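Undergrad:
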Amino acid sequence: RGGKGIISVKTTERNGLAVGFLQVRDDDQIMLMAAQGKVLRCKVDDIREIGRNTQGVRLLDLDGEGDRVVAVARLADAAEREDATSEDTPENSSD
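Note that my numbering has the sequence shown beginning at 4, numbered continuously upward.
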């Protein structure tokens, strides 16, 4: 059917709107930040997998009515960060 009519994220009044989507690997970590300052860092591997047409997995308990998730970030594994750092560093030349 070409993907028409597929529900990928089920949002309701209980779980609210989607804040962001990230492509991650099992060895990555993610960081969530709430409007009132609460921050959560967790391993992607620790988050349980669920079906597509569900309401998600609770990761962060928010404080009160006005609090909401304002940012989501992917933290690469240590080897990937090291590779990125070495790519940014100019190679030594023997001139």
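Ideal Cβ positions, reconstructed from N, Cα and C, are used throughout, including at glycine. Being a predicted model, the structure only gives us computed values, none of them experimental.
By how many angstroms is the C-alpha of Asp70 removed from the C-alpha of Leu63?
TA: The residue labelled residue 63 in the question sits at position 60 within the sequence shown. The residue labelled residue 70 in the question sits at position 67 within the sequence shown. Each residue's Cα considered, the two are about 11 angstroms apart.
Undergrad: What three-state label does DSSP hand Val60 in the structure shown?
TA: Within the sequence shown, the letter at position 57 stands for residue 60. Reduced to three states, the DSSP call for Val60 is coil.
Undergrad: Using the Cβ count rule (16 or more neighbours within 10 Å means buried), how would you classify Ile33?
TA: As a working note, residue 33 is residue 30 in the sequence shown. The residue in question, Ile33, is buried, as its Cβ has 16 or more Cβ neighbours within 10 Å.
Undergrad: Can you give me the C-alpha to C-alpha distance between Val27 and Leu78, rounded to a whole angstrom?
TA: As a working mapping, residue 27 is identified with position 24 in the sequence shown. As a working mapping, residue 78 is identified with position 75 in the sequence shown. Answer to the nearest angstrom: the Cα atoms are 9 angstroms apart.
Undergrad: Looking at C-alpha atoms only, which residue of Val73, Leu43, Ala74 and Gly59 is the closest neighbour of Lys13?
TA: Sequence index remark: in the sequence shown, residue 13 carries index 10 (1-based). Per the Cα distances, Gly59.
Undergrad: Sort out for me which residues DSSP pairs Arg44 with in a bridge.
TA: Here residue 44 corresponds to residue number 41 of the sequence shown, with the count starting at 1. Answer is Met34.
Undergrad: I'd like to check one pair, Leu25 with Leu35: are the Cβ atoms closer than 8 angstroms?
TA: The residue labelled residue 35 in the question sits at position 32 within the sequence shown. The residue labelled residue 25 in the question sits at position 22 within the sequence shown. Result no, Cβ atoms of Leu35 and Leu25 do not sit closer than 8 angstroms.
Undergrad: Can you tell me which of Val72, Cys45 and Thr57 puts its alpha carbon nearest to the alpha carbon of Ile9?
TA: Counting from 1 along the sequence shown, the entry for residue 9 is found at position 6. Of the candidates Val72, Cys45 and Thr57, the one whose C-alpha sits nearest the C-alpha of Ile9 is Thr57.
Undergrad: In the DSSP output, which residue or residues are listed as bridge partners for Ala74?
TA: By 1-based counting over the sequence shown, the position of residue 74 is 71. Met36, per the DSSP bridge assignment.
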